[in-house]
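In the UniProt record's numbering, the protein residues as written are 1 to 146.
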């Protein structure tokens, strides 16, 4: 890794702070000493560099890892798959990753079903309490909910 690239990554990861803002309230700033900003453009690049530079490759934390096989048809065997760090782990058929429910066939049905269920709950609450809101507010609340 060249000197300029090393300086860039050090600068990118140093002297970072975060705060929480909710309505009109804003917390004090706290220093962040570890990690890469979620959703950042450099995040995936730095991860790939990290994996490439690891002497013994990347070790997975089995407690924080999930094991999924993606296929359009049923998978009856997976002899070619050798994941020694996850030995004994169950194969997940669906898992929530970054806010999206993934299923083993990548149909997004679990994600859609959970969204529909959440919307029904919220709309049911709004319907039961519709007399509390003027008509113009009802429309805005429904649009904001969906």
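All residues carry an ideal CB built from backbone N, CA and C; glycine is no exception. This structure is a prediction, so every number in the text was calculated from the model and none was measured.
Exercise for the section: Per DSSP, which residues does residue 102 bridge with? Please list them. Expected result: On the chain shown, residue 102 is found 102 positions in, with the first residue counted as 1. Partner(s): 95.
Exercise for the section: Kindly indicate which three-state DSSP category residue 131 falls into: helix, strand or coil? Expected result: Within the chain shown, the letter at position 131 stands for residue 131. Three-state result, residue 131: helix.
Problem - Alpha-carbon spacing of residue 127 relative to residue 138, whole angstroms - result: One-based indexing of the chain shown puts residue 127 at position 127. One-based indexing of the chain shown puts residue 138 at position 138. Using only the alpha carbons, I get a separation of about 9 Å.
Exercise for the section: Below 7 Å CB to CB, which residues in the same chain sit around residue 84 once its five sequence neighbours on both sides are set aside? Expected result: In the chain shown, counting from the first residue as 1, residue 84 sits at position 84. Note that residue 84 scores 45 on pLDDT, short of 50, meaning its location in the model is unreliable; the coordinates nonetheless yield the value given after this. The answer is none, since no qualifying residue turns up.
Exercise for the section: Kindly indicate which three-state DSSP category residue 29 falls into: helix, strand or coil? Expected result: Position 29 of the chain shown, counting from 1, holds the residue named residue 29. Per DSSP, reduced to three states, the secondary structure at residue 29 is coil, with no helix or strand assignment.
Exercise for the section: Note the first and the last residue of the continuous alpha helix (DSSP H) segment covering residue 72. Expected result: As a working mapping, residue 72 is identified with position 72 in the chain shown. Neither: residue 72 is in no alpha helix (DSSP H) and is coded neither H nor E.
Practice task
Compute the beta-carbon to beta-carbon distance between residue 110 and residue 94, rounded to the nearest angstrom, for a pair I have assumed lies under 8 Å.
Solution key: Reading the chain shown from its first residue, position 110 is the one you call residue 110. Reading the chain shown from its first residue, position 94 is the one you call residue 94. At roughly 5 Å, the Cβ-Cβ gap stays under 8 Å, so residue 110 and residue 94 are in contact.
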